[in-house]
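Colleague:
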Amino acid sequence: MVPGKPTAPEKPPAPEEHAYPDHWEADVVLRDGGTARVRPITADDADRLVSFYEQVSDESKYYRFFAPYPRLSAKDVHRFTHHDFVDRVGLAATVGGEFIATVRYDRIDARGLPASSPADEAEVAFLVQDAHQGRGVASALLEHIAAVARERGIRRFAAEVLPANTKMIKVFTDAGYTQKRSFEDGSVRLHLDLEPTDRSLAVQRAREQRAEAHSVQRLLAPGSVAVLGAGRTPGGVGRTVLRNLLGAGFTGRVYAVNPALDAPAAELDGVPAFPSVAAIGAPVDLAIVAVPAERVPEAVADCGEHGVRGLVVLSAGYAESGTEGRERQRALVRQARSYGMRIIGPNAFGIINTADEVRLNASLAPEMPATGRIGLFTQSGAIGIALLAGLHRRGAGLSSFISAGNRADVSGNDFLQHWYDDPATDVVLLYLESIGNPRKFTRLARRTAAVKPVVVVKGARHSGSAPPGHRVPVTRIPHATVSALLRQAGVIRVDTVTELVDAGLLLAGQPLPAGPRVAILGNSESLGLLTYDACLTEGLRPQRPVDLTTAATAADFRDALGAALADDTCDAVVVTAIPWVGIEGTTEVLAASLREAVAGGGATGAAKPVVVVHVEMGGLAEALSAATSTRPAPARPRRPAAASAPGGTGDARTTQDAQPRQDVQHTQDAHNTRGTQDPRPGTPTGPGPDPASAPAPAPTPVRNIPAYPAAERAVRALAEAVRYGQWRRQAAEPGRVPEYDSIDEAGAAALIDRVLGERGAGQESRGVTLTTDEAGALLGRYGIALRPALPAPGPDAAVAAAARLGYPVALKTTAPHLRHRPDLGGVRLDLASEEQLRTAYAELTDALGKPEELQPVVQAMAPRGVDTVVRAAIDPAAGAVLSFGLAGAASELLGDTAHRLVPATDRDAAELVRSIRTAPLLFGWRGSAPVDTPALEELLLRVSRLVDDHPEIVSVALEPAVVAPTGVSVLGAVVRLAPAAPTTDLGPRRLPSY
Numbered sequence: 002m003v004p005g006k007p008t009a010p011e012k013p014p015a016p017e018e019h020a021y022p023d024h025w026e027a028d029v030v031l032r033d034g035g036t037a038r039v040r041p042i043t044a045d046d047a048d049r050l051v052s053f054y055e056q057v058s059d060e061s062k063y064y065r066f067f068a069p070y071p072r073l074s075a076k077d078v079h080r081f082t083h084h085d086f087v088d089r090v091g092l093a094a095t096v097g098g099e100f101i102a103t104v105r106y107d108r109i110d111a112r113g114l115p116a117s118s119p120a121d122e123a124e125v126a127f128l129v130q131d132a133h134q135g136r137g138v139a140s141a142l143l144e145h146i147a148a149v150a151r152e153r154g155i156r157r158f159a160a161e162v163l164p165a166n167t168k169m170i171k172v173f174t175d176a177g178y179t180q181k182r183s184f185e186d187g188s189v190r191l192h193l194d195l196e197p198t199d200r201s202l203a204v205q206r207a208r209e210q211r212a213e214a215h216s217v218q219r220l221l222a223p224g225s226v227a228v229l230g231a232g233r234t235p236g237g238v239g240r241t242v243l244r245n246l247l248g249a250g251f252t253g254r255v256y257a258v259n260p261a262l263d264a265p266a267a268e269l270d271g272v273p274a275f276p277s278v279a280a281i282g283a284p285v286d287l288a289i290v291a292v293p294a295e296r297v298p299e300a301v302a303d304c305g306e307h308g309v310r311g312l313v314v315l316s317a318g319y320a321e322s323g324t325e326g327r328e329r330q331r332a333l334v335r336q337a338r339s340y341g342m343r344i345i346g347p348n349a350f351g352i353i354n355t356a357d358e359v360r361l362n363a364s365l366a367p368e369m370p371a372t373g374r375i376g377l378f379t380q381s382g383a384i385g386i387a388l389l390a391g392l393h394r395r396g397a398g399l400s401s402f403i404s405a406g407n408r409a410d411v412s413g414n415d416f417l418q419h420w421y422d423d424p425a426t427d428v429v430l431l432y433l434e435s436i437g438n439p440r441k442f443t444r445l446a447r448r449t450a451a452v453k454p455v456v457v458v459k460g461a462r463h464s465g466s467a468p469p470g471h472r473v474p475v476t477r478i479p480h481a482t483v484s485a486l487l488r489q490a491g492v493i494r495v496d497t498v499t500e501l502v503d504a505g506l507l508l509a510g511q512p513l514p515a516g517p518r519v520a521i522l523g524n525s526e527s528l529g530l531l532t533y534d535a536c537l538t539e540g541l542r543p544q545r546p547v548d549l550t551t552a553a554t555a556a557d558f559r560d561a562l563g564a565a566l567a568d569d570t571c572d573a574v575v576v577t578a579i580p581w582v583g584i585e586g587t588t589e590v591l592a593a594s595l596r597e598a599v600a601g602g603g604a605t606g607a608a609k610p611v612v613v614v615h616v617e618m619g620g621l622a623e624a625l626s627a628a629t630s631t632r633p634a635p636a637r638p639r640r641p642a643a644a645s646a647p648g649g650t651g652d653a654r655t656t657q658d659a660q661p662r663q664d665v666q667h668t669q670d671a672h673n674t675r676g677t678q679d680p681r682p683g684t685p686t687g688p689g690p691d692p693a694s695a696p697a698p699a700p701t702p703v704r705n706i707p708a709y710p711a712a713e714r715a716v717r718a719l720a721e722a723v724r725y726g727q728w729r730r731q732a733a734e735p736g737r738v739p740e741y742d743s744i745d746e747a748g749a750a751a752l753i754d755r756v757l758g759e760r761g762a763g764q765e766s767r768g769v770t771l772t773t774d775e776a777g778a779l780l781g782r783y784g785i786a787l788r789p790a791l792p793a794p795g796p797d798a799a800v801a802a803a804a805r806l807g808y809p810v811a812l813k814t815t816a817p818h819l820r821h822r823p824d825l826g827g828v829r830l831d832l833a834s835e836e837q838l839r840t841a842y843a844e845l846t847d848a849l850g851k852p853e854e855l856q857p858v859v860q861a862m863a864p865r866g867v868d869t870v871v872r873a874a875i876d877p878a879a880g881a882v883l884s885f886g887l888a889g890a891a892s893e894l895l896g897d898t899a900h901r902l903v904p905a906t907d908r909d910a911a912e913l914v915r916s917i918r919t920a921p922l923l924f925g926w927r928g929s930a931p932v933d934t935p936a937l938e939e940l941l942l943r944v945s946r947l948v949d950d951h952p953e954i955v956s957v958a959l960e961p962a963v964v965a966p967t968g969v970s971v972l973g974a975v976v977r978l979a980p981a982a983p984t985t986d987l988g989p990r991r992l993p994s995y
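Under our numbering, the final residue of the sequence shown carries the number 995; numbering is consecutive throughout.
Next comes the structure, spelled out in structure tokens:
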């Protein structure tokens with residue numbers, strides 16, 4: 002798969018030496034889920050290039066050079082390995098340190114001859130080893146060489162391809178760039194404009210999603226698993242995982258690996274045992290590494306050299322243990338990626354896939370969870386145990402479970418890519434202690450949330466630092482702002498693992514509510530009123546509770562629930578229940594009756610969520626789960642829990658020692674008495690469907706009814722579902738980023754380059770603050786008029802300034818300690834004459850200090866209105882954030898500010914204006930005149946566009962922006978610049994670097 006005839010003749014070496022561009026190095030995930038390293042080709046790569054070329058077929062060589070070309074000459078090797086990294090650049094994709102593909106460009110002029118800048122076109126050519134064609138290597142290299150070219154001032158690529166080389170032509174045509182195509186002298190001539198387009202970005206991200214999802218799928222659905230570190234002695238991490246794999250009924254091949262198991266035909270727990278992966282003599286897809294940290298490099302090399310596709314590293318002693326461990330973790334990732342392997346861990350708890358065709362339990366959890374529709378990701382083993390126990394106890398099943406530990410490689414982002422189009426997963430639950438790439442996480446969460454709920458609980462919110470072992474950018478914005486931005490992306494943000502389970506149960510078992518109207522019914526008036534109050538607190542619209550009285554029977558509940566489901570005036574139903582006095586067996590009867598009503602509602606087309614609040618009816622949740630379970634019976638007998646319980650000591654010691662594993666065992670023992678068994682004897686058959694009589698292969702698909710022991714918990718989960726449903730409906734018709742004819746993007750860029758060139762040297766960390774004139778000029782390029790303010794170092798200067806601006810004027814101090822603090826008396830307004838101005842100047846200096854301390858200015862009066870503040874800033878964790886609030890100390894103290902991610906749409910701007918608590922002041926509160934909110938929204942959109950177009954703008958603050966009944970006036974602006982930092986979610990695909 003190769004394009005291009007021989008590139009233009011070598012030009013003389015450039016006189017200037019260019020340093021090796023190590024920022025071009027990147028690890029990428031390929032189409033099949035494996036990884037490769039992309040890096041510049043250097044003079045030291047001569048032997049690698051020759052070896053690579055020898056493994057390329059004659060056909061591929063012909064496609065590359067348009068003629069038979071069996072071997073490279075010494076001159077060729079020199080030309081292809083010596084680059085100036087500006088006009089001549091070569092990149093290689095490597096696996097195991099060896100080349101699998103190369104790409105190069107040579108800058109050319111309009112005649113196709115070698116050239117230097119300012120020529121902005123280059124000829125590009127690829128060569129991919131035949132064994133690696135079809136893996137998406139060329140597409141990944143095209144992304145990276147295009148980014149390099151743009152960095153070096155090249156705007157177009159030219160390529161010549163033989164018509165028979167259809168694969169390479171497809172690489173170019175599918176890339177999404179604007180292109181021209183012609184047929185000349187028997188070859189296809191392609192010209193690609195390298196400016197990113199919406200289509201090229203969409204293609205890049207679609208490829209990223211497929212590749213990363215495939216890499217996760219390879220981990221979750223292996224055909225064979227080797228457990229490294231499984232010892233002869235029962236107990237120990239490796240032996241425990243081996244038994245858990247077997248106990249779950251894994252459908253693939255299982256091997257035990259331990260250097261001590263070198264006897265011929267050795268076995269461990271009934272599976273073949275070998276001293277090394279090499280000795281297995283058969284393909285291994287997934288390796289579970291449970292050896293001491295100092296032996297992990299040897300194990301990784303053994304796996305990589307024999308084609309293992311992925312690793313789950315349970316071993317501890319990495320970044321969570323300090324500086325030495327962090328370096329050990331970096332080395333682990335580099336080593337694994339050099340072989341094209343991905344890693345879960347280190348310090349991981351493991352992974353689970355409940356699909357019947359896989360049945361993978363490669364974790365320290367001694368029992369396989371029930372099959373269900375929830376995907377669960379955690380960064381903490383302890384929290385993973387708690388969540389598994391909580392979901393199991395309440396009858397919820399999982400599609401897959403991952404506890405990633407230090408998540409040095411595979412992260413929650415990768416699993417979002419997998420779950421996005423995973424047909425087995427309806428709800429995604431995430432426990433995160435850190436977010437390594439927040440911009441990408443927000444993008445992926447928004448896309449996933451558009452098709453299925455994403456519920457997140459964030460740990461370590463207030464510690465001010467990431468947990469040990471987690472390498473993340475530090476955010477400057479408050480936790481509440483981060484939460485608001487996640488909600489903007491459709492993420493259901495909760496505060497505790499209990500709320501995570503509560504929301505997950507409702508979303509996995511019930512339809513989304515169509516609105517906030519809630520019907521409440523039950524046999525306790527008091528519990529109904531508590532539920533009513535909880536609904537109001539959460540912003541729902543509850544109807545008057547229907548009291549069925551304490552004498553209500555199960556049939557009364559069934560009829561009332563059926564009526565509520567058929568009622569068009571409600572969108573959801575909360576059923577409240579207290580125990581009957583002196584009557585046994587009512588829990589199961591009530592569960593069956595509620596199930597019957599829900600099934601009847603579904604048959605009539607009703608799609609409303611139903612939740613149950615119960616008080617001291619512990620068996621109700623279990624009965625509802627058993628009555629509505631759609632899980633088929635296990636396809637094969639499970640091993641007894643005791644057989645898979647870890648215990649004792651082993652030769653693979655990690656920080657997952659015996660104590661956490663004992664916790665899992667105790668939890669599971671409790672679970673074995675409830676939840677996953679068949680409906681209890683004595684469950685009435687009645688008029689409703691009888692689960693026991695249904696054919697096992699095709700269980701009745703009845704929705705699970707979640708039950709909660711407190712009204713507040715049920716209503717909070719329901720409210721999250723209501724808000725998420727509203728977001729989904731709005732996301733179906735997203736807003737747009739408007740275009741404005743009055744924007745001069747090129748002029749703004751030139752001004753920024755000039756300022757940074759003149760004053761930006763050595764200011765990378767602090768940045769450059771624009772002068773008032775510079776800020777006004779920059780904002781003016783984007784149609785934002787900054788009302789002029791003239792300095793007034795003395796009363797005569799103030800009078801002269803007022804004469805230029807015209808009365809009435811305002812006199813303001815600009816000293817940092819008085820700026821934007823009218824409550825301190827540093828502002829005098831509506832000065833209509835010279836006399837008033839001189840008097841105000843004297844009062845100001847007498848009260849607050851000398852003119853040189855106050856830095857007073859004179860400004861023409863703006864139309865009266867509401868003072869607001871518009872800000873935009875670049876946060877290293879969240880990216881560009883647009884903020885809005887009213888001006889004044891009260892809003893600051895109350896934190897009454899709304900935030901949206903940049904670029905903001907017209908819908909975002911409208912929501913910003915309306916989402917602050919003080920918004921009524923903008924819309925005619927207490928008889929005041931409504932202000933010009935469309936003009937305010939346009940100002941927000943223009944600021945968003947300014948920051949989005951120019952990453953060198955690190956902050957903008959417009960304060961105050963006075964919104965009048967007609968128009969908006971910007972009275973003050975502070976703009977800071979800094980050299981653009983590399984972004985983490987733009988440019989070519991790459992994995993986090995180590």
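From the three backbone atoms N, C-alpha and C, an ideal C-beta is built for every residue, glycine too.
Does the beta-carbon distance from THR772 to ALA790 come in below 8 Å?
Modeller: The residue given as residue 772 occupies position 771 in the sequence shown. The residue given as residue 790 occupies position 789 in the sequence shown. Against a cut-off of 8 Å, the Cβ pair of ALA790 and THR772 comes out as no contact.
Colleague: From ILE785 to SER183, what does the alpha carbon distance come to, in whole angstroms?
Modeller: Walking along the sequence shown from the start, residue 785 turns up at place 784. Walking along the sequence shown from the start, residue 183 turns up at place 182. Approximately 45 Å between the Cα atoms of the pair.
Colleague: Taking PRO739 as the reference, give the member of ASP754, LEU941, GLU844 with the closest Cα.
Modeller: Here residue 739 refers to the residue found at position 738 of the sequence shown. Here the closest residue by C-alpha is LEU941.
Colleague: On the DSSP bridge assignment, give the partners of GLY880 in chain order.
Modeller: Counting from 1 along the sequence shown, the entry for residue 880 is found at position 879. GLY880 is bridged to ASP876.
Colleague: If we call anything under 8 Å between Cβ atoms a contact, is ALA873 one with VAL914?
Modeller: By one-based count along the sequence shown, residue 873 stands at place 872. By one-based count along the sequence shown, residue 914 stands at place 913. Against a cut-off of 8 Å, the Cβ pair of VAL914 and ALA873 comes out as no contact.
Colleague: For ILE170, report the span of its beta strand (DSSP E) as first-last.
Modeller: Walking along the sequence shown from the start, residue 170 turns up at place 169. Where ILE170 is concerned, there is no enclosing beta strand (DSSP E), although the alpha helix (DSSP H) it sits in stretches over 167-174.
Colleague: Would you say the region 253-272 touches the region 200-219, given that touching needs at least three Cβ pairs under 8 Å?
Modeller: no
Colleague: Quick check: what's the CA-CA separation for LEU959 versus GLU306?
Modeller: The sequence position of residue 959 within the sequence shown is 958, counting from 1. The sequence position of residue 306 within the sequence shown is 305, counting from 1. Taking the straight line from one Cα to the other gives about 59 Å.
Colleague: When the distance is taken between beta carbons, is ALA936 closer than 8 Å to LEU964?
Modeller: Within the sequence shown, the letter at position 963 stands for residue 964. Within the sequence shown, the letter at position 935 stands for residue 936. Per the sequence presented here, residue 964 reads as Val, with Leu not at that position. Contact: yes.
Colleague: Determine the direct distance from the alpha carbon of SER52 to that of ARG40, and round the result to whole angstroms.
Modeller: As a position in the sequence shown, residue 40 is number 39, starting the count at 1. As a position in the sequence shown, residue 52 is number 51, starting the count at 1. The straight-line gap from Cα to Cα measures roughly 17 Å.
Colleague: Output yes or no for whether 8 Å exceeds the beta carbon distance between PRO367 and ASN524.
Modeller: What you label residue 367 is simply residue 366 of the sequence shown in a count that begins at 1. What you label residue 524 is simply residue 523 of the sequence shown in a count that begins at 1. Result no, Cβ atoms of PRO367 and ASN524 do not sit closer than 8 Å.
Colleague: By Cβ distance, which residues of its chain are closer than 7 Å to ALA47, with the 5 residues on each side in sequence left out?
Modeller: Against the sequence shown, residue 47 aligns to sequence position 46. Within the same chain, ALA47 has close Cβ partners VAL78, THR82.
Colleague: Which residue's Cα is closest to the Cα of LEU832: THR815, LYS851, VAL800?
Modeller: As a first step, residue 832 is located in the sequence shown; it is residue number 831 there, counting from the start. The shortest C-alpha separation from LEU832 is found at VAL800.
Colleague: Given a threshold of 16 other Cβ atoms within 10 Å of its Cβ, counted over all protein chains shown, does LYS813 qualify as buried or as exposed?
Modeller: The residue labelled residue 813 in the question sits at position 812 within the sequence shown. The residue is buried, with at least 16 neighbouring Cβ atoms inside 10 Å.
Colleague: With three or more beta-carbon pairs closer than 8 Å as the criterion, would you say the region 916-929 touches the region 883-895?
Modeller: yes
Colleague: Are ARG157 and ASP121 touching if we call contact CB-CB under 8 Å?
Modeller: Taking the first residue of the sequence shown as 1, we reach residue 157 at position 156. Taking the first residue of the sequence shown as 1, we reach residue 121 at position 120. Their beta carbons are under 8 Å apart, which means ARG157 touches ASP121 by this criterion.
Colleague: If we require 4 or more residues per run, which alpha helix (DSSP H) segments fall completely within the region 521-551?
Modeller: Complete alpha helix (DSSP H) runs here, min 4: 526-538.
Colleague: When you compare the CB of GLU939 with every CB in chain D, is at least one pair closer than 8 Å?
Modeller: The structure shown has no chain D; it contains just one protein chain.
Colleague: Relative to the C-alpha of ALA261, which residue among ARG72, VAL723, VAL769, SER277 is closest?
Modeller: The residue labelled residue 261 in the question sits at position 260 within the sequence shown. That would be SER277, whose Cα lies nearest to the Cα of ALA261.
Colleague: Once you ignore the five residues that flank GLY648 on each side, which residues in its own chain have a CB closer than 6 Å to its CB?
Modeller: The residue labelled residue 648 in the question sits at position 647 within the sequence shown. Its pLDDT being 34, under 50, GLY648 is placed unreliably in this model, and the value from its coordinates should be taken loosely. Result list for GLY648: GLY236, in chain order.
Colleague: Relative to the alpha-carbon of THR967, which residue among GLY988, PHE924, PRO993, PRO980 has its alpha-carbon at the smallest distance?
Modeller: Working through the sequence shown from its first residue, we reach residue 967 at position 966. The shortest C-alpha separation from THR967 is found at PHE924.
Colleague: Output needed for GLY601: all residues of its chain with C-beta closer than 7 Å, excluding positions within five of it in sequence on either side, in chain order.
Modeller: Your numbering for residue 601 matches position 600 in the sequence shown. The residues are GLY563.
Colleague: Could you round the C-beta distance between GLY341 and GLY35 to whole angstroms and report it? I think they count as a contact, below 8 Å.
Modeller: Indexing the sequence shown from 1 puts residue 341 at position 340. Indexing the sequence shown from 1 puts residue 35 at position 34. Indeed they touch by this definition, with Cβ atoms about 4 Å apart.
Colleague: Could you compute how far the alpha carbon of ALA509 sits from the alpha carbon of ASP503?
Modeller: Within the sequence shown, residue 509 is the residue found at index 508, counting from 1. Within the sequence shown, residue 503 is the residue found at index 502, counting from 1. For ALA509 and ASP503, the distance between alpha carbons rounds to 10 Å.
Colleague: Opposite THR898 in the DSSP bridges: which residues?
Modeller: Your numbering for residue 898 matches position 897 in the sequence shown. THR898 is bridged to GLY886.
Colleague: Among residues of its own chain, excluding the 5 on either side of ALA793, which ones have a beta-carbon nearer than 8 Å to its beta-carbon?
Modeller: By one-based count along the sequence shown, residue 793 stands at place 792. The residues are ALA799, ALA802, LEU812, TYR842, PRO852, PRO857, VAL858, VAL859.
Colleague: Secondary structure at LYS76, three-state DSSP: helix, strand or coil?
Modeller: To locate residue 76, count along the sequence shown from 1; it is residue 75. In the three-state reduction of the DSSP assignment, LYS76 falls in the helix class, which pools H, G and I.
Colleague: Taking the straight line between their C-alpha atoms, what separation do you get for ASP907 and ARG943?
Modeller: Within the sequence shown, the letter at position 906 stands for residue 907. Within the sequence shown, the letter at position 942 stands for residue 943. So the alpha carbons of these two residues sit roughly 11 Å apart.
Colleague: Three-state secondary structure (DSSP) at GLY351?
Modeller: Position 350 of the sequence shown, counted from the start, is the residue given in the question as residue 351. In this structure, GLY351 counts as strand in the three-state DSSP scheme.
Colleague: Following the continuous alpha helix (DSSP H) through THR577, name the residue where it begins and the one where it ends.
Modeller: On the sequence shown, residue 577 is found 576 positions in, with the first residue counted as 1. Taken as a continuous stretch (DSSP letters only), THR577 belongs to no alpha helix (DSSP H), being part of the beta strand (DSSP E) at 573-578.
Colleague: Compare the beta carbon distance of LEU621 and ALA592 with 8 Å and say whether it is the shorter of the two.
Modeller: Numbered from 1 along the sequence shown, position 620 holds the residue referred to as residue 621. Numbered from 1 along the sequence shown, position 591 holds the residue referred to as residue 592. Yes, Cβ-Cβ distance for LEU621 and ALA592 is below 8 Å.
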